[in-house]
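First comes the structure, then the notes that go with it.
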Amino acid sequence: MNANETERIIAPDGSERTAPSEQLEFNQCQEAVKRLTEYLSHELRPDEEMAVQHHLSQCRGCFAKFHFEETLLRTIRSHVGQVRAPGALRDKILHLIDRQDGVTMKR
């Protein structure tokens, strides 16, 4: 496969995608597992995300870890809800930001 060719991969969500052949290589599972939190939080660069997706589509062990972490995050999010900071804390943070930026924000 040359640099201009693409390969088809199946993402963990079942969708089919194409990936550049020069994508990041995950020769070791620990590299993919190390990026799972960022992957689940959508914090990876597109090439890193595709590399993790590709690895998860090929490696049952890493996919099992991904599935566990994804399920855990969903469970936590569904039970936690939205937490609101107390008004005094919010005011203090805004005051510190104002001092840092030299701008006064409306409250």
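Heads up: the sequence shown begins at 1419 in our numbering, then just goes up one per residue.
Cβ atoms here follow ideal geometry from the backbone N, Cα and C, with glycine treated the same way.
Being a predicted model, the structure only gives us computed values, none of them experimental.
Label R1453 either buried or exposed according to how many other C-beta atoms from any shown protein chain fall within 10 Å of its C-beta, with 16 as the threshold for buried. As a first step, residue 1453 is located in the sequence shown; it is residue number 35 there, counting from the start. Answer is buried; the Cβ neighbour count reaches 16.
Applying the criterion that 16 or more other CB atoms from any shown protein chain within 10 Å of the CB defines a buried residue, is V1498 buried or exposed? The count along the sequence shown starts at 1 and reaches residue 1498 at position 80. Exposed is the call here.
Locate the alpha helix (DSSP H) running through G1505, then write down its first and last residues. On the sequence shown, position 87 is the one that residue 1505 refers to. DSSP places G1505 in the uninterrupted alpha helix (DSSP H) bounded by 1505-1519.
C-alpha distance - S1459 paired with R1517, whole-angstrom precision: Here residue 1459 is taken as the residue at index 41 of the sequence shown, counted from 1. Here residue 1517 is taken as the residue at index 99 of the sequence shown, counted from 1. Spanning the two alpha carbons is a distance of roughly 31 Å.
Classify L1490: buried if its beta carbon has 16 or more other beta carbons within 10 angstroms, exposed otherwise. Looking up residue 1490 in the sequence shown gives position 72. By the neighbour-count rule (16 or more Cβ atoms within 10 Å), L1490 is not buried but exposed.
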